[in-house]
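Residue numbers (full-length UniProt numbering): 1 to 1132.
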């Protein structure tokens, strides 16, 4: 019977796919119309080969009815379901005879279990039921074979091999009607602001609904999900089952990931049983592959373990099963967990409305089964252990229904009044679910308060009701078990990452429910004035939410792993800030500024295809269009054409609010381009192109918000920068969003007010900054101060640039009018090893904690000579290097390398230092004068192939593992610009004890650099994750000490020489400057946006380094970007 059930199951799968199934055709290519029952009707009987009976045989061949010889197929041994007691005891094969072969040969007593073979058993009811079931299964097999033959004969199916492409899911048809947005959704608060702006006189604000209806100026983003494997290959066979690409270890890992990320919250599955089931399934697949059998993907639960390429492929393989289950007339309890996982999957794909829709259907199925009533529940579920599991399942469904209803602002599928008050609830073994049930019940009351429909709407706010609901949430928060309460900063951290995640989620949910309670007071200026205390409370809650998310992102990877979940809190908090700023700007705008910029840092990591990103794009677009009408002229955020307009705080806040509301402000004309500039005056021409990454959106939002709040945007390059770098047009300086062509400016008499420089103007005719650098620091400082004066609002020389439109057109370059190239012609490049935390981490990995640092490390600045020819400018692609690698360094026996592409491609976050002057051969540079030889600083990424490096570095150090690429930023930040940001270096026992040798001793320790650095990793699908943030003060050697040591033996240093600091790593887990440390030698995953992981870089990954110092907009100094994208290795 098991064999027949397996046949029916597999044939169901095959019949649903109208394709040619190999293995069912006879030798002549004709299709067989016989079922296994027809061809093997005698398979259950003893068969003997008797000469002259049946078909005649000759030399092992069998003749068919026409006499054509055919090769006899190899017959497998018959399965014997009956064994004697002795064979059963020894667990060996029995031939079923009496006596069996083994017992007969050994003269043993051969006995069979009672009733196994007697006529009495055949007359029993059990036998009759089994016989009926076998007959039914055989009929199904026959029917399925008939269906297959019919499909073959009729050429069923499309025949074109077309598949259901995943791209279709993201090129969705534009809905005819906007989606409903209820009062609990983040969009609702933004809609209120739209109405406010409408009443202020800003007409024509289109409501785009959930999906942007008007086309953006550039093509739509590509699909988020990877392309699915086609279901039909070239030869007509079905593509490999996605489960075949998962081995046992990976399956178990994915299950554990699911349990940590979702199972602890919503225990709809027994993960241990799932692992056992998955193990058995993989064993079956392995066996089926070995025997050439068709397989089917039935492990539906595994598809949602992790949102990735494999998750999508698994989901596609069970999509039809999910649809059938949703439309099946018969409802079964066992199908509910599968559908819950389908809903969770859609939520993590940023399809919350679809998740809400599916979980609502699951709720109705639960009601149909009677799981919401105690008496029917006890009848449906009899087994005690099963009751516990179904109890957890039902209440998980209940909580998810509440959660996604609040997220979408649409009603619950199950009301509290429909649930039996005596219905069993989960025990304390699932504490998160237990507290969330109580939370959801309070949420039902909040929903009735703010969402209930009344025939006569009332604008009056019942503060007593709001205070009582708030009191209930506060009391609920106090009842959370101590292990799930977010600890104070001084308390010990959570016992595990998973527990910390639950703690922060419960903390944010408490904040969110209180925000929903009090947010109605922000819906009008009069309500805020009347209930200022409540308004201040909700604003503080929103600020606290943003601070909590920022801290979470800085200290763990939890936020990055499940952004879709946390972004609901983020956008809701942003909506509160903008509501308050729109209706009471004087009271709230200034106090919300810091949190607004914290939120923008989180925006950088948004997936560029998500709903959140689309709404933020509408934000930027709306701000650009409404800005001129609010008095912000096209050049009002610059320092060239005068002071800023629109000082009215209400208008400024309304401007910011208009965009974040996600509504296009059409028909207003004019606007800013993608860089925050306006048209005209040769400053920039707006392209209107849609931002494609979170970083670009964050940049746009920063400029526009600063314009709205009455300050200029600088894009990281404040007036403090001064001379910065070189462009494709020659030497340039960048301040804010402006790039000044120094050669063109000098030819237009721009330096006429600096007579001391008139004899040096020719230096700007050089393609690099070497000639200018060689003039020395006094000249650098003089020119820098002069350029800063030119760009001041109250400049002494307005006729040179500010009021000279012709010079502006000639000398101020627009975004895109320059191309990055190396700012200096590099003669030599030396990379040091001054980051002690990186050195210690690497040492612990390779030598153990007792020998982490070499004895000489704190006495001498360690360095190696790199390849100047491999130093490239930001934006240059990096080809994955080939080299000798050891596939398994830990394997016993002699090591034998192979040659091929590096598999452990890494980065190193560093600072670079360019020299302006040098020394003669044999004359060292003293440490106290070394600073005079430094021109300026750049960001530096020392790309590293760890597996190549590991094999070659003994005994002479790095070679091919380091010499293939080093990327630097194009803008050189002058030594003079960095001077205000000097800070103390890290001290070591050597420096503290006075054991440091005299030639390296500095007058004071404040020669470190207080520069904030960060690393972004952008995956091939465009999702960006900030994977590291660290400060440059985590170096034990200053560049002055490095230069003094480098030249101490008489080495000649030249203008344009480049020194690297070595990898900069801090002391925290989120302050690491290399993937080697983040993955701890490849032993753990680095979590990225969209549930992706890395240990080392993949082809298509892009790394971006950023750096800045200072906080005030005029004192801020930016380094720009140091960016490189990995491309595939060259094939030998």
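Even for Gly, the Cβ is constructed at its ideal location relative to N, Cα and C.
Quantities reported herein were computed from a predicted structural model and do not represent experimental measurements.
Along the chain, which unbroken stretches of the alpha helix (DSSP H) at least 4 residues long are found entirely within the stretch 1063-1110? Counting whole runs of 4 or more residues, the stretch 1063-1110 contains the alpha helix (DSSP H) stretches 1075-1078.
Near residue 764, which residues of its chain fall below 6 angstroms by C-beta distance, leaving aside the five closest residues on each side in sequence? On the chain shown, position 764 is the one that residue 764 refers to. Excluding sequence neighbours, residue 764 sits near 731, 742, 743 and 746.
Measuring straight from C-alpha to C-alpha, what distance separates residue 273 and residue 512? Locating residue 273 in the chain shown gives position 273, where the first residue counts as 1. Locating residue 512 in the chain shown gives position 512, where the first residue counts as 1. The alpha-carbon atoms of residue 273 and residue 512 are separated by roughly 35 angstroms.
Taking only the alpha-carbon atoms, compute the straight-line gap between residue 909 and residue 553 and give it to the nearest angstrom. Counting from 1 along the chain shown, the entry for residue 909 is found at position 909. Counting from 1 along the chain shown, the entry for residue 553 is found at position 553. Their backbone Cα atoms lie some 19 angstroms apart in a straight line.
Inter-residue Cα distance where the pair is residue 475 and residue 498: Mapped onto the chain shown, residue 475 falls at position 475. Mapped onto the chain shown, residue 498 falls at position 498. Between residue 475 and residue 498, the alpha-carbon positions lie close to 24 angstroms from each other.
For a minimum of 4 consecutive residues, which ranges assigned as the alpha helix (DSSP H) are wholly contained in the stretch 368-411? For the stretch 368-411, the full-length alpha helix (DSSP H) segments reaching 4 residues or more read 374-380 and 384-408 along the chain.
Nearer than 7 angstroms: is that true of the beta carbon of residue 886 relative to any heavy atom of the ligand COA? Of ligands this structure carries none, so the ligand COA is not represented either.
So, using beta-carbon positions, are residue 408 and residue 343 closer together than 8 angstroms? The residue labelled residue 408 in the question sits at position 408 within the chain shown. The residue labelled residue 343 in the question sits at position 343 within the chain shown. No, these two residues do not count as a Cβ contact at 8 angstroms.
When 550, 350, 504 and 436 are compared against residue 564, the one with the closest alpha-carbon: Mapped onto the chain shown, residue 564 falls at position 564. A check of alpha carbon separations from residue 564 across 550, 350, 504 and 436 identifies 350 as the nearest.
Looking at C-beta atoms only, is the number of pairs between the stretch 915-928 and the stretch 948-959 that lie closer than 8 angstroms three or more? No: the two stretches stay apart, fewer than three of their Cβ pairs being nearer than 8 angstroms.
For the alpha helix (DSSP H) that contains residue 780, what are its first and last residues? Numbered from its first residue, the chain shown carries residue 780 at position 780. For residue 780, the enclosing alpha helix (DSSP H) stretches over residues 777-791.
If we count Cβ pairs, one from each stretch, closer than 8 angstroms, do we get three or more for the stretch 872-883 versus the stretch 1114-1129? Counting Cβ pairs under 8 angstroms, three or more are found: they touch.
Please classify residue 436 as buried or exposed, where buried requires at least 16 other C-beta atoms within 10 Å of its C-beta. Residue mapping note: residue 436 aligns to position 436 of the chain shown, counting from 1. Buried, by the Cβ-count rule.
Exposure of residue 1083, with buried meaning 16 or more beta-carbon neighbours within 10 Å: Looking up residue 1083 in the chain shown gives position 1083. Taking all protein chains in view, the Cβ of residue 1083 is surrounded by fewer than 16 other Cβ atoms within 10 Å, so the residue is classified as exposed.
For residue 964, write down the residues that DSSP places opposite it in a beta bridge. Taking the chain shown and counting its residues from 1, one reaches residue 964 at position 964. DSSP lists no partner for residue 964.
Express the C-alpha separation of residue 943 and residue 962 in angstroms, rounding to a whole number. By 1-based counting over the chain shown, the position of residue 962 is 962. By 1-based counting over the chain shown, the position of residue 943 is 943. When only Cα atoms are considered, residue 962 and residue 943 end up about 7 angstroms apart.
Where do the ends of the beta strand (DSSP E) carrying residue 913 lie? As a first step, residue 913 is located in the chain shown; it is residue number 913 there, counting from the start. Boundaries of the beta strand (DSSP E) around residue 913: 909-915.
Hey, could you find the ends of the alpha helix (DSSP H) residue 347 is sitting in? For the purposes of this step, residue 347 is taken as the residue at position 347 of the chain shown. Here the alpha helix (DSSP H) through residue 347 covers 336-348.
Whole beta strand (DSSP E) elements within the stretch 785-862, 3-residue minimum: With a minimum length of 3 residues, the unbroken runs of beta strand (DSSP E) contained wholly in the stretch 785-862 fall at 829-832.
Hey, how far is the Cα of residue 372 from the Cα of residue 419? In the chain shown, counting from the first residue as 1, residue 372 sits at position 372. In the chain shown, counting from the first residue as 1, residue 419 sits at position 419. Straight-line measurement puts the Cα of residue 419 at about 5 angstroms from the Cα of residue 372.
Please report the residue range of the alpha helix (DSSP H) in which residue 1125 lies. Here residue 1125 refers to the residue found at position 1125 of the chain shown. In this chain, residue 1125 is not harboured by any alpha helix (DSSP H); it is covered by the beta strand (DSSP E) spanning 1117-1127.
Let me see if you follow: with CB-CB separation under 8 angstroms, is residue 772 close to chain D or not? Chain labels in this structure do not include chain D; a single protein chain is all it has.
Classification of residue 328 by the beta-carbon crowding that lies within 10 angstroms, buried from 16 upward: One-based indexing of the chain shown puts residue 328 at position 328. Classification for residue 328: exposed.
Under a three-way DSSP split, which group does residue 877 fall into? For the purposes of this step, residue 877 is identified with residue 877 of the chain shown, where counting begins at 1. In the structure shown, residue 877 sits in coil (DSSP, three-state: anything other than H, G, I, E or B).
Please state the DSSP three-state secondary structure of residue 82. Here residue 82 refers to the residue found at position 82 when the chain shown is read from its first residue. Reduced to three states, the DSSP call for residue 82 is coil.
Taking just the CA atoms, how far does residue 394 sit from residue 1122? By 1-based counting over the chain shown, the position of residue 1122 is 1122. By 1-based counting over the chain shown, the position of residue 394 is 394. Looking at the two C-alpha atoms, the distance is approximately 51 angstroms.
Output the distance between the C-alpha atoms of residue 365 and residue 518, rounded to the nearest integer angstrom. In the chain shown, the residue the question calls residue 365 occupies position 365. In the chain shown, the residue the question calls residue 518 occupies position 518. Computed Cα separation, rounded: 35 angstroms.
Burial state of residue 401, where buried means 16 or more other Cβ atoms lie within 10 Å: As a working mapping, residue 401 is identified with position 401 in the chain shown. By the neighbour-count rule (16 or more Cβ atoms within 10 Å), residue 401 is buried.
With distances taken Cα to Cα, identify the nearest neighbour of residue 1047 among 1027, 324, 1070 and 917. Indexing the chain shown from 1 puts residue 1047 at position 1047. With distances taken between Cα atoms, residue 1047 lies closest to 917.
Under 8 angstroms by Cβ, that's how I've got residue 906 and residue 1096 pegged, so tell me the actual separation to the nearest angstrom. Taking the first residue of the chain shown as position 1, residue 906 is located at position 906. Taking the first residue of the chain shown as position 1, residue 1096 is located at position 1096. Correct: roughly 6 angstroms between the Cβ atoms.
Determine contact between the stretch 1050-1064 and the stretch 829-844, defined as no fewer than three beta-carbon pairs at a distance below 8 angstroms. By the Cβ criterion, the stretch 1050-1064 is in contact with the stretch 829-844, since at least three pairs of Cβ atoms, one from each stretch, lie closer than 8 angstroms.
What runs of the beta strand (DSSP E), each 3 residues or longer, lie entirely inside the stretch 485-563? Runs of the beta strand (DSSP E) inside the stretch 485-563: none found.
Nonlocal neighbours in the same chain, by C-beta distance under 8 angstroms from residue 997, ignoring five residues either side: In the chain shown, residue 997 corresponds to position 997, counting from 1. Counting only Cβ-Cβ distances below 8 angstroms, and skipping sequence neighbours, we find 859.
Could you pull the start and end residues of the alpha helix (DSSP H) that residue 934 belongs to? If you number the chain shown from 1, residue 934 lands on position 934. Here residue 934 belongs to no alpha helix (DSSP H); instead the beta strand (DSSP E) covers 934-942.
Helix, strand or coil for residue 959? Go by DSSP, reduced to three states. Position 959 of the chain shown, counted from the start, is the residue given in the question as residue 959. Looking at residue 959 - three-state DSSP - the assignment turns out to be coil, as it is neither helix nor strand.
Alpha-carbon spacing of residue 1117 relative to residue 464, whole angstroms: On the chain shown, residue 1117 is found 1117 positions in, with the first residue counted as 1. On the chain shown, residue 464 is found 464 positions in, with the first residue counted as 1. Residue 1117 and residue 464 have their C-alpha atoms some 51 angstroms from each other.
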